[in-house]
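A.B. asks:
Chains as they are written, first to last, in the numbering used here: chain A, 1 to 194; chain B, 195 to 368.
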């Protein structure tokens, strides 16, 4: 039986297997159709119906269930999540698992289509070490992401001492809902220090 | 759940998490993954996925079964089901086999509780995955039942008779 205890391990392996079968296109279709459209349709429904309130309800439930170390901050027409200890990437790091080329892409790979359908856009950055931040705004809201500490104060993951570390490499997504719009980022020049 | 007990049990698993049990909503993703692969790559593609997953991702477990024999198989499955939420499973060793009597499958239970449309052949995955893993350990696995209640048997010496696929029940969705 395929279980949920080590789900992140075989999820990562599955990304690599799908990529072998059909490249980036099949993997992106998988995140969009199977994860966003099927597995996480409860998230999609909540966010479409309730907007920011739906995001709060969904992530409060799922991040508690996954025992994540995170904070969620609500600002003026924006929801921000600071992930200090990603339970998913953390599982891979603790167990020395790395089958797929960029595991962290899967999050925007499915959250992006959910947000697009519900009328939101995303600013997001991850350091591939279990830390990331997200800001969700209504599509058409062109305000830039917050500066470090501006919205989440001390909970801002960009203020953490290990946000920048020797193992970290940064990917940045700006005002998008597509995993294809990835910008490799230098944290000195990225939204971390805007 | 007693934390000390669960940590001891988890010692038989190849990969460890910080929490004693997994998040049941991940069964939604497993079900959706099966549907996607069947739709895109067909039934044979899905079976190939499961067999490769069994042989490659689970290689550390398969190696421990090969080295430890049936006690290692039994220990693994006790630890496995202790870490899956919502199941009711008895694991026992008897006459050259390990038998898993699954009175309530945690995955099917969670999927049905949340009114998910379950892939009809969902229960077959346990056979294709389990048999690939057993083969890698020099054993065999057979499955009977499904749709929430079933019996898995691991044989130290592979039986001559192949798996009867008609013995695996399709899942009925709500």
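Cβ coordinates follow ideal geometry from the N, Cα and C atoms, glycine included.
#1: Ends of the alpha helix (DSSP H) at residue 20 of chain A?
#2: When you compare the region 80-96 of chain A with the region 208-217 of chain B, are there three or more beta-carbon pairs, one atom per stretch, that lie closer than 8 Å?
#3: Rank B:316, B:358, B:342, B:226 by C-alpha distance to the C-alpha of residue 336 of chain B and give the top, closest one.
#4: Whose Cβ in chain B lies nearer than 7 Å to the Cβ of residue 30 of chain A?
#5: Between residue 222 of chain B and residue 310 of chain B, is the Cβ-Cβ spacing less than 8 Å?
#6: Threshold first: 3 residues or longer. Then list the beta strand (DSSP E) segments lying entirely within the region 62-139 of chain A, N to C.
#7: Quick one, are the C-beta atoms of residue 296 of chain B and residue 365 of chain B less than 8 Å apart?
#8: Between the beta-carbon of residue 167 of chain A and the beta-carbon of residue 129 of chain A, is there less than 8 Å?
#9: For residue 90 of chain A, I'd like the list of residues in its chain whose CB is within less than 6 Å of its CB, leaving aside the five on either flank, ordered along the chain.
#10: Could you run through the region 38-59 of chain A and flag, in chain order, every residue whose CB is less than 9 Å away from some CB of chain B?
#11: Exposed or buried, what is residue 23 of chain A when buried is set at 16 or more other beta-carbons lying within 10 Å of its beta-carbon?
#12: Within the continuous alpha helix (DSSP H) that includes residue 50 of chain A, where are the two ends?
#13: In terms of alpha-carbon separation, which member of A:62, A:63, A:101, A:56 lies closest to residue 79 of chain A?
#14: Taking the continuous beta strand (DSSP E) assigned at residue 296 of chain B, which residues delimit it?
#15: What residues of chain B sit near residue 72 of chain A, judged by a beta carbon separation below 8 Å?
#16: Which same chain residues end up closer than 6 Å to residue 371 of chain B when comparing Cβ atoms and leaving out the 5 residues on each side of it in sequence?
#17: Please identify the residue among A:1, A:180, A:132 whose C-alpha is closest to the C-alpha of residue 164 of chain A.
#18: Taking beta-carbon pairs under 9 Å, can you tell me which members of the region 321-350 of chain B lie near chain A?
C.D. replies: From the atom records:
#1: 7-29 is the extent of the alpha helix (DSSP H) around residue 20 of chain A.
#2: In the pairwise beta carbon analysis, the region 80-96 of chain A is classified as touching the region 208-217 of chain B: at least three pairs are separated by under 8 Å.
#3: Distances from the alpha-carbon of residue 336 of chain B to those of B:316, B:358, B:342, B:226 put B:358 closest.
#4: Within chain B, 230 have C-beta atoms less than 7 Å from the C-beta of residue 30 of chain A, given in sequence order.
#5: Cβ distance < 8 Å, so residue 222 of chain B and residue 310 of chain B count as in contact.
#6: DSSP runs (the beta strand (DSSP E)) wholly in the region 62-139 of chain A: 69-75, 78-85, 120-126, 132-138.
#7: Going by C-beta atoms, residue 296 of chain B is not nearer than 8 Å to residue 365 of chain B.
#8: Residue 167 of chain A places its beta carbon less than 8 Å from that of residue 129 of chain A.
#9: The beta carbon of residue 90 of chain A sits closer than 6 Å to the beta carbons of 130 from its chain, once the five residues preceding and following it are set aside; these are given in chain order.
#10: Listed by position, the residues of the region 38-59 of chain A near chain B (Cβ gap below 9 Å) are 38, 39, 40, 41, 42.
#11: The C-beta of residue 23 of chain A has fewer than 16 other C-beta atoms within 10 Å across all chains shown, which makes the residue exposed.
#12: Segment 41-50, the alpha helix (DSSP H) holding residue 50 of chain A.
#13: Minimum Cα distance to residue 79 of chain A is reached at A:56.
#14: According to the DSSP assignment, residue 296 of chain B belongs to the beta strand (DSSP E) that extends over 291-298.
#15: Neighbours of residue 72 of chain A on chain B: none; closest Cβ ~18 Å, over 8 Å.
#16: Outside the shown range of chain B (195 to 368) lies residue 371 of chain B, about which nothing can therefore be said.
#17: Minimum Cα-Cα distance from residue 164 of chain A among the listed residues A:1, A:180, A:132 corresponds to A:132.
#18: Here the close residues are 323, 324, 346.
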